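Under the numbering used here, the first residue of the sequence shown carries the number 63, and numbering increases by one thereafter. Note that the Cβ used here is the ideal one computed from N, Cα and C, for glycine as well. All of these numbers come straight from a predicted model, not from anything done at the bench.
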Amino acid sequence: MAFLELTDLGGYRCFDQEACKAAGSAAAAEYRANQPFPHVMLDDFLTPDVLRQVLSEFPDSTGQDYFDRDQERLKFQFRPDQCKGPATRMLFAELNSGAFLAFLSALTGIRGLIPDPYHAGAGLHETRNGGHLGIHADFPHHGRMKVERRLNLLIYLNEDWSADYGGALELWDRGMTRACRRIEPAFGRAVIFSTDRDTYHGHPDPLTCPPERSRRSIATYYYTAIGTSLPAIERTTDFRARPGTGDRADWRVRLHNLKSDWLPPILQRRNREPLEAMPADRAGVGS
């Protein structure tokens with residue numbers, strides 16, 4: 063039995079709001095207690111046949127653009143509107159529904175959650191053999207909607223995935239001294255976690271899966287309204303180097319974020335410089 067069931071309404075499957083609230087409440091204590099920051103891992107999150115339908119509709123990444131730099135390599139992203147399959151479109155609509163927001167609020171205690179109809183950085187993610195996603199904290203605000211990012215949801219689509227392939231999601235402590243938890247990207251497993259400036263996560267080591275395999279996942283993000291105006295220079299995804307490794311710091315981004323944190327507003331306006339190669343609503347998101 064799946065953790066959350068989708069009810070079939072004669073061809074369209076949807077979540078039940080009361081069942082979602084009950085499921086969220088049942089896992090709330092674990093979510094809030096887990097370290098290094100609030101999170102929960104839920105196996106058999108959705109009915110397997112729904113996820114297998116999404117997997118069968120997964121876009122072919124051959125010839126598509128991908129992230130290719132020291133911090134993230136061989137990573138592909140497809141928004142739901144780039145996906146042709148009806149099961150994929152239906153599932154993303156339900157993950158943005160009021161019923162699912164009720165589940166997330168009951169789980170996390172965060173009220174007033176807002177879904178993202180633009181799916182900035184979200185959708186279907188794929189990382190190929192040799193690819194990785196460095197340890198990072200995600201971009202804090204949605205550039206188009208001007209809202210604050212609060213939660214990440216990841217659902218893995220990797221059947222018969224061997225731990226030898228790598229790709230485990232690592233959750234690092236706030237001081238970037240160690241990985242406190244590693245979560246294998248097994249089929250049907252969901253991970254939900256709070257996002258902040260120091261909620262560091264990623265799968266930083268190159269995948270060693272066979273060339274015909276890849277690491278696939280569903281990713282959606284959730285927000286709340288911002289009480290004050292955004293700074294003139296907006297922070298973007300903050301990649302961090304692991305101690306004792308050959309990870310390379312992205313000093314251009316680090317300088318950009320320092321300007322956002324410390325420059326007075328008048329100087330921010332004069333020194334505003336967009337990161338064209340890595341816009342805030344696309345870069346380094348998802349795991």
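Whole angstroms are fine: how far does the CA of residue j sit from the CA of residue i?
i	j	result
residue 151	residue 145	7 angstroms
residue 300	residue 183	15 angstroms
residue 122	residue 115	15 angstroms
residue 312	residue 259	16 angstroms
residue 328	residue 288	At residue 328 the pLDDT is 49, less than 50, meaning the model places this residue with poor confidence; the figure from the coordinates comes in the next sentence. About 21 angstroms.
residue 129	residue 282	19 angstroms
residue 68	residue 78	7 angstroms
residue 199	residue 262	5 angstroms
residue 225	residue 192	15 angstroms
residue 135	residue 203	23 angstroms
residue 140	residue 90	31 angstroms
According to the Cβ coordinates, are residue i and residue j closer than 8 angstroms?
i	j	result
residue 266	residue 235	no
residue 277	residue 229	yes
residue 153	residue 112	yes
residue 107	residue 168	no
residue 104	residue 241	no
residue 220	residue 255	no
residue 93	residue 170	yes
Tell me which residue opens and which closes the alpha helix (DSSP H) that residue i is part of.
i	result
residue 152	148-157
residue 163	160-170
residue 91	79-95
residue 113	110-118
So the beta strand (DSSP E) residue i belongs to, where does it begin and stop?
i	result
residue 137	134-140
residue 352	Here the chain comprises residues numbered 63 to 349, so residue 352 is not present and cannot be evaluated.
residue 192	185-199
residue 103	101-104
On the criterion of 16 or more Cβ atoms from any shown chain inside 10 Å, does residue i qualify as buried, or is it exposed?
i	result
residue 250	buried
residue 208	exposed
residue 239	exposed
residue 97	exposed
Please go through the segment 211-255 and give each complete beta strand (DSSP E) segment of 3 or more residues, from N-terminal end onward.
-> Listed in chain order, the complete beta strand (DSSP E) runs (minimum 3 residues) inside the segment 211-255 are 231-234 and 241-245.
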